[in-house]
Amino acid sequence: MIRKVIILAAGVFIGAVSVSALQSAGTSAVAANSETYKQLSIFGDVFERVRAQYVTPPEESELIESAINGMLTSLDPHSSYLNAKDADDMRTQTRGEFGGLGIEVTLDQDSELVKVITPIDDTPASRAGVLSGDLISEIDGEPVRGLTLSQAVEKMRGPVGSDINLTILREGADAPIDIAITRAIIKIKAVKHRVEGNVGYIRLISFTEKTYNDLADAIDSIEEKIPADKLQGYVLDLRLNPGGLLDQAINVSDAFLDRGEIVSTRGRNAEETRRYNSRPGDLTGGKPIIVLVNGGSASASEIVAGALQDHKRATIVGTRSFGKGSVQTIIPLGENGALRLTTALYYTPSGKSIQGTGIKPDIIVQQPLPEELQGRVRETGESELRGHIQGQDETDEASGSIAYVPPEPEDDEQLGHALELMRGEITDPAYPPNADKTAKAAEDVDNADSKTE
Numbered sequence: 017m018i019r020k021v022i023i024l025a026a027g028v029f030i031g032a033v034s035v036s037a038l039q040s041a042g043t044s045a046v047a048a049n050s051e052t053y054k055q056l057s058i059f060g061d062v063f064e065r066v067r068a069q070y071v072t073p074p075e076e077s078e079l080i081e082s083a084i085n086g087m088l089t090s091l092d093p094h095s096s097y098l099n100a101k102d103a104d105d106m107r108t109q110t111r112g113e114f115g116g117l118g119i120e121v122t123l124d125q126d127s128e129l130v131k132v133i134t135p136i137d138d139t140p141a142s143r144a145g146v147l148s149g150d151l152i153s154e155i156d157g158e159p160v161r162g163l164t165l166s167q168a169v170e171k172m173r174g175p176v177g178s179d180i181n182l183t184i185l186r187e188g189a190d191a192p193i194d195i196a197i198t199r200a201i202i203k204i205k206a207v208k209h210r211v212e213g214n215v216g217y218i219r220l221i222s223f224t225e226k227t228y229n230d231l232a233d234a235i236d237s238i239e240e241k242i243p244a245d246k247l248q249g250y251v252l253d254l255r256l257n258p259g260g261l262l263d264q265a266i267n268v269s270d271a272f273l274d275r276g277e278i279v280s281t282r283g284r285n286a287e288e289t290r291r292y293n294s295r296p297g298d299l300t301g302g303k304p305i306i307v308l309v310n311g312g313s314a315s316a317s318e319i320v321a322g323a324l325q326d327h328k329r330a331t332i333v334g335t336r337s338f339g340k341g342s343v344q345t346i347i348p349l350g351e352n353g354a355l356r357l358t359t360a361l362y363y364t365p366s367g368k369s370i371q372g373t374g375i376k377p378d379i380i381v382q383q384p385l386p387e388e389l390q391g392r393v394r395e396t397g398e399s400e401l402r403g404h405i406q407g408q409d410e411t412d413e414a415s416g417s418i419a420y421v422p423p424e425p426e427d428d429e430q431l432g433h434a435l436e437l438m439r440g441e442i443t444d445p446a447y448p449p450n451a452d453k454t455a456k457a458a459e460d461v462d463n464a465d466s467k468t469e
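The sequence shown begins at 17 in our numbering and counts up one residue at a time.
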């Protein structure tokens with residue numbers, strides 16, 4: 017069922033991710049005119065002046081990289097140049113494994129230290145005794161305060177088999193604790209799951225190479241815990257999911273659909289339009305599905321939500337998604353890294369563009385912010401990004417919403433609403449989706465396909 021797709025639907029919150037088959041850098045292009053070559057000559061003159069006369073000798077490779085990035089960022093917020101290191105990091109993210117410690121961390125605003133959210137089971141960190149809530153004050157003797165979260169994470173990653181020493185501040189401990197850890201291969205699951213009574217809860221964290229397989233395993237695990245005649249359905253949580261690989265978004269959508277289009281991508285020329293369809297076979301056996309989205313649901317996660325919504329396969333609950341409906345193709349540049357270039361926009365089965373609009377839930381449920389975050393968290397979306405591509409259906413109504421999910425399930429009002437719907441404790445006309453509308457939607461998609469040139 018896994019498809020190899022050369023397109024990347026990367027979310028806005030992660031730098032970049034890789035794909036298994038990539039477009040060649042030797043793609044033909046329209047020949048530049050004479051005026052363009054004159055401008056390039058001017059660029060060469062400016063470069064030589066800066067290189068030869070700037071007050072301090074500049075790093076020439078950095079000048080070139082900055083010039084390339086300036087050109088790409090002038091196009092849209094998602095096109096960029098990836099140097100060799102960034103390209104390697106991109107591949108690491110989408111593989112879902114890396115040399116590290118095995119801890120989920122955040123930046124503690126009060127102490128300005130790195131706080132351990134949780135040590136991942138059966139990893140070097142958990143075996144060494146790192147605990148949830150620990151504050152990392154030093155990494156190999158270097159203070160953490162003053163580092164960004166990304167800088168701290170970069171220091172904790174490293175070659176498999178290498179050692180690292182963390183200085184930990186732990187509540188109740190009389191003094192800092194030094195913990196020596198040997199890095200190992202950390203395999204991050206793209207999917208987490210649990211049972212909520214007779215409901216299966218599945219959270220998709222990102223769309224990496226492992227997402228579909230992890231999803232299938234999660235469904236199998238839930239079915240082992242809840243008998244088929246007792247299983248009331250599934251809550252698919254796409255909140256805070258920034259996106260990832262397009263082929264994985266297609267496979268995840270296909271896991272819940274028996275027929276019909278999942279998504280189409282439309283590029284600069286009509287002949288570049290691509291349509292991706294589902295195949296027979298629903299991994300859940302047609303059980304009810306509720307999908308949770310918020311302002312942190314972007315790109316590939318919007319593909320899944322849009323496909324299931326258009327086919328009336330699921331009810332969407334939460335707040336408007338981010339609205340990133342552009343597709344980036346990764347073009348390798350050999351040892352010089354890669355070019356991430358926006359090459360198409362994607363459309364839901366009904367032909368709607370998500371770019372700048374996002375997925376509007378069938379049932380709006382706001383998630384209240386805790387008192388300490390009020391006034392510090394604002395709504396964000398693609399439509400607010402400077403230089404974003406104007407979406408076909410974009411209006412003055414901004415895309416996106418608050419991107420917040422409480423750490424404790426009992427405080428999660430969006431999840432609670434979904435569970436109450438599924439258990440029949442409350443009702444809403446949008447749940448379950450109308451079966452007649454499902455058939456009509458499929459018919460409309462088929463008719464649209466037959467008219468496509």
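Glycine included, C-beta positions come from ideal geometry on N, C-alpha and C.
Treat the numbers as computed from the prediction; the structure is a model and nothing was measured.
With H, G and I counted as helix, E and B as strand and the rest as coil, what does DSSP make of V343? Sequence index remark: in the sequence shown, residue 343 carries index 327 (1-based). DSSP places V343 in strand when its eight states are reduced to three.
With distances taken from CA atoms, which of Q430, L56, G341 and Q69 is nearest Q382? Walking along the sequence shown from the start, residue 382 turns up at place 366. Comparing Cα positions, the closest option is Q430.
Evaluate contact between the stretch 202-214 and the stretch 222-240, counting only Cβ atoms and requiring at least three cross-stretch pairs below 8 Å. With the cut-off at 8 Å, the stretch 202-214 and the stretch 222-240 touch.
Would you call I80 buried or exposed, if buried means 16 or more other Cβ atoms sit within 10 Å of its Cβ? Against the sequence shown, residue 80 aligns to sequence position 64. That one is exposed.
Verify whether the separation of the beta carbon atoms of L151 and L185 is less than 8 Å. Mapped onto the sequence shown, residue 151 falls at position 135. Mapped onto the sequence shown, residue 185 falls at position 169. It is a contact, given that the beta carbons lie within the stated cut-off.
How should E277 be labelled, buried or exposed, when 16 other C-beta atoms within 10 angstroms of its C-beta is the threshold for buried? Walking along the sequence shown from the start, residue 277 turns up at place 261. So E277 ends up on the buried side.
Should the stretch 61-81 be regarded as contacting the stretch 319-326, the criterion being three or more beta carbon pairs within less than 8 Å? no
Tell me whether the beta-carbon of I305 lies closer than 8 Å to the beta-carbon of V333. Here residue 305 refers to the residue found at position 289 when the sequence shown is read from its first residue. Here residue 333 refers to the residue found at position 317 when the sequence shown is read from its first residue. Contact flag unset, no.
Going by other Cβ atoms of all chains shown within 10 Å of its Cβ, with 16 needed for buried, is F223 buried or exposed? As a first step, residue 223 is located in the sequence shown; it is residue number 207 there, counting from the start. With 16 or more Cβ atoms within 10 Å of its Cβ, F223 is classed as buried.
What does the Cβ neighbour count give for K241, buried or exposed, with the cut at 16 atoms within 10 Å? Start at 1 with the first residue of the sequence shown, and residue 241 comes out as number 225. Exposed.
Excluding the 5 residues preceding and the 5 following G174 in the sequence, name in chain order all residues of the same chain whose CB lies nearer than 8 Å to its CB. The sequence position of residue 174 within the sequence shown is 158, counting from 1. Excluding residues within five positions, the ones whose Cβ falls inside 8 Å are G115, G116, I180 and R199.
Nonlocal neighbours in the same chain, by C-beta distance under 7 Å from H4, ignoring five residues either side: What is shown of the chain runs 17 to 469, which leaves residue 4 out entirely.
Within 10 angstroms of its Cβ, does A41 collect 16 or more other Cβ (buried), or is it exposed? Stepping through the sequence shown from its first residue, residue 41 is reached at position 25. Bear in mind that the predicted position of A41 carries a pLDDT of just 38, short of 50, making it unreliable; the figure below should be weighed with that in mind. So A41 ends up on the exposed side.
Rounded to a whole number of angstroms, what is the C-alpha to C-alpha distance between D156 and A141? The residue labelled residue 156 in the question sits at position 140 within the sequence shown. The residue labelled residue 141 in the question sits at position 125 within the sequence shown. If I take the Cα positions, the gap works out to 15 Å.
Expected contact under 8 Å - CB spacing of A280 and R291 to nearest Å: Here residue 280 corresponds to residue number 264 of the sequence shown, with the count starting at 1. Here residue 291 corresponds to residue number 275 of the sequence shown, with the count starting at 1. Note on identity: in this sequence residue 280 is Ser, with Ala being the wrong assignment. The Cβ separation is near 5 Å, so the contact holds.
Just to confirm, are I319 and A234 a CB contact at a threshold of 8 Å? Residue numbering aside, residue 319 sits at position 303 when the sequence shown is read from its first letter. Residue numbering aside, residue 234 sits at position 218 when the sequence shown is read from its first letter. Not in contact: I319 and A234 (Cβ atoms no closer than 8 Å).
What did DSSP end up calling E75 once you bin it into helix, strand or coil? By 1-based counting over the sequence shown, the position of residue 75 is 59. Coil at E75, not helix or strand.
Reduced DSSP secondary structure (H/G/I, E/B, other) of G31: Here the question's residue 31 lines up with position 15 in the sequence shown. Because G31 sits at a pLDDT of 31, beneath the cut-off of 50, its placement in the model cannot be relied upon, and the following sentence gives the value as read from the coordinates. Of the three classes helix, strand and coil, the one that applies to G31 here is coil, per DSSP.
Alpha carbon of S317 to alpha carbon of L254, nearest angstrom: Here residue 317 corresponds to residue number 301 of the sequence shown, with the count starting at 1. Here residue 254 corresponds to residue number 238 of the sequence shown, with the count starting at 1. S317 and L254 have their C-alpha atoms some 6 Å from each other.
Report the three-state DSSP secondary structure of H209 (helix, strand or coil). Translated into the one-based positions of the sequence shown, residue 209 becomes position 193. H209: strand per DSSP, three-state reduction.
Whole alpha helix (DSSP H) elements within the stretch 295-375, 4-residue minimum: 316-326
Is L357 closer than 8 Å to I347 when the C-beta atoms are compared? Residue 347 sits at position 331 when you count from the first residue of the sequence shown. Residue 357 sits at position 341 when you count from the first residue of the sequence shown. Contact flag set, yes.
Spatially closest choice to N172 from S148, R210 and V132, by CA coordinates: Translated into positions along the sequence shown, residue 172 becomes position 156. Reading off the sequence, residue 172 comes out as Met, not Asn. Closest option to M172, Cα to Cα, is V132.
Reduced DSSP category for N49 - H, G, I as helix; E, B as strand; rest coil: Working through the sequence shown from its first residue, we reach residue 49 at position 33. N49: coil per DSSP, three-state reduction.
When the Cα atoms are used, what is the spatial distance from S90 to I197? Taking the first residue of the sequence shown as 1, we reach residue 90 at position 74. Taking the first residue of the sequence shown as 1, we reach residue 197 at position 181. For S90 and I197, the distance between alpha carbons rounds to 43 Å.
Backbone CA spacing between P386 and V309 [nearest angstrom]: As a first step, residue 386 must be located in the sequence shown, where it is residue number 370. As a first step, residue 309 must be located in the sequence shown, where it is residue number 293. Taking the straight line from one Cα to the other gives about 19 Å.
Three-state secondary structure (DSSP) at Y228? What you label residue 228 is simply residue 212 of the sequence shown in a count that begins at 1. The answer is helix: DSSP assigns Y228 an H, G or I state.
If you check the beta carbons only, do D434 and V251 fall under 8 Å apart? Taking the first residue of the sequence shown as position 1, residue 434 is located at position 418. Taking the first residue of the sequence shown as position 1, residue 251 is located at position 235. The residue you asked about is not Asp; residue 434 is Ala in the sequence shown. In contact: A434 and V251 (Cβ atoms closer than 8 Å).
Does L220 come out as helix, strand or coil in the three-state DSSP assignment? By one-based count along the sequence shown, residue 220 stands at place 204. Under the three-state reduction of DSSP, L220 is assigned to strand.
Using alpha carbons as the reference points, say which of K54, K101 and T443 lies closest to E351. Locating residue 351 in the sequence shown gives position 335, counting from the first residue. Of the candidates K54, K101 and T443, the one whose C-alpha sits nearest the C-alpha of E351 is K101.
Might you give, ordered along the chain, the residues of its own chain that have their beta carbon closer than 8 Å to the beta carbon of T396, omitting 5 neighbours on each side? For the purposes of this step, residue 396 is taken as the residue at position 380 of the sequence shown. For T396, where only same-chain residues beyond five positions count, the Cβ hits under 8 Å are G311, F338, G416 and A419.
According to DSSP, is P425 helix, strand or coil? As a first step, residue 425 is located in the sequence shown; it is residue number 409 there, counting from the start. If DSSP states are grouped into helix, strand and coil, P425 belongs with the helices.
Helix, strand or coil: which one does DSSP assign to D444? Here residue 444 refers to the residue found at position 428 when the sequence shown is read from its first residue. Here D444 sits in strand by DSSP.
Cβ of A286 less than 8 Å from any chain C Cβ? Although the question refers to chain C, the structure presented lacks it and comprises just one protein chain.
Mapping DSSP to helix, strand and coil, what is K246? By 1-based counting over the sequence shown, the position of residue 246 is 230. Of the three classes helix, strand and coil, the one that applies to K246 here is coil, per DSSP.
Beta strand (DSSP E) runs wholly inside the stretch 75-144, at least 3 long, in chain order: 96-98, 113-116, 119-123 and 130-135
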